[in-house]
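In the working numbering, the protein residues as written are 14 to 238. Yeah, the Cβ is synthetic: ideal placement off N, Cα and C, and Gly gets one too.
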Ligand SMILES: [Zn+2]
């Protein structure tokens, strides 16, 4: 029996101080990943250039909202989902993976109905998007030196982990190469695609788990029943 088949993802970039070094590590180790980028960061030509390099090196680029200002589930204001999702998609342009990968903002890595509003769900379905969740969140953004053992344990206890790391300038990615080496030494392999369990929507088609990630507003009492 082999070890887990790990899918790597890097959220919240691209960051010129960090992402190029992450790309160097991935290239050296022959690993392909997905970068879920923040739309407004791509308006900076330097950051956009980093995302272009990632795509040229075989990585996938996904949409991680325009501003990353919080989970979409609680936002009922008209136009919010449009801005966060569609504006990023337009900014991505040809960088976007053909399946139009979208990763909701988790707000601390939690999964639940806070991830999407009904408006966001409908927009994603109409646009043929693929919603990508996760199954391993070691908290590298809050524990830049302590995350690797947590990530290692989370990956080894699953057959098909989808690991979320962040290419942010907090020093955490200094440990990436050693972490990947430790995983490989333990028998883990890497693959770029996502397991069904982390795809509640695929090219606009709702999967059975999608309802777990959509906030349904409470009905006013006079309409109940
Ligand atoms: Zn994020």
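In this structure, residue 151 lies away from residue 19, with their beta-carbon atoms at least 8 Å apart. DSSP places residue 24 inside the beta strand (DSSP E), whose first and last residues are 18 to 24. Distances from the alpha-carbon of residue 45 to those of 73, 210 and 207 put 73 closest. Of the residues assessed, residue 216 falls on the exposed side of the cut-off, its CB having fewer than 16 other CB atoms within 10 angstroms. Between the alpha carbons of residue 64 and residue 55 lies a distance of about 8 Å. The alpha helix (DSSP H) runs lying completely inside the stretch 105 to 136 and spanning 4 residues or more number zero.
Any heavy atom of ligand 1 counts here; residues with a Cβ closer than 6 Å to one of them, in chain order, are 24, 25, 77, 81 and 118. Annotated as distal: residue 88 and residue 52, with beta-carbon spacing of 8 Å or more. Contact between residue 23 and residue 35 holds, since their C-beta atoms are separated by about 6 Å, short of 8 Å.
By the C-beta criterion, the stretch 103 to 112 is judged not to be in contact with the stretch 198 to 210, since fewer than 3 inter-stretch pairs fall below 8 Å.
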